[in-house]
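Numbering (the numbering used here), first residue to last: 440 to 540.
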């Protein structure tokens, strides 16, 4: 089960998410719908631990995802715009995508 409690995220002085609470039970299919800039991608990046929240918590099966490498291995996030860490090599990316197929 995915649980989000009081999640907050701002970019500079602009709040994007302010106190988001959400529970998605195991086996559920869930969709995010909203206008551009509503915070959908930010929420997904926070869940995937690509971004860190300013407040609140994200739990997967009762365990925090934030900064937890073991829990991150249970998640998969494919962004609509590529994001790669600095210094990522072509061979490292090829290895990553090979594991996804």
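Ideal placement from N, C-alpha and C gives every residue a C-beta, glycine not left out.
Predicted, not measured: the structure shown is a model, and the values here were computed from it.
Point to revise | Where residue 527 falls, given that 16 or more other Cβ within 10 Å makes a residue buried | key: exposed
Exercise for review: Could I get the ranges of all uninterrupted beta strand (DSSP E) runs contained in the region 459–489, with 3 residues as the minimum, in chain order?
Suggested key: none
Point to revise | Straight-line gap, residue 441 to residue 505 (C-alpha atoms, nearest Å) | key: 13 Å
**Study point:** Rounded straight-line distance, which links the Cα of residue 533 to that of residue 495
**Key:** 35 Å
Review point. From residue 560 to residue 489, what distance separates their C-alpha atoms?
Key: In the structure as shown, the chain begins at 440 and stops at 540. Residue 560 is therefore absent and cannot be evaluated.
**Study point:** Closest by C-alpha distance to residue 484, when choosing among 519, 460, 537, 465
**Key:** 519
Check your understanding: Under the DSSP definition of a beta bridge, which residues are partnered with residue 450?
Key -> 453
Check your understanding: Of the residues 450, 446, 452, 473, which one's Cα is nearest the Cα of residue 462?
Key -> 446
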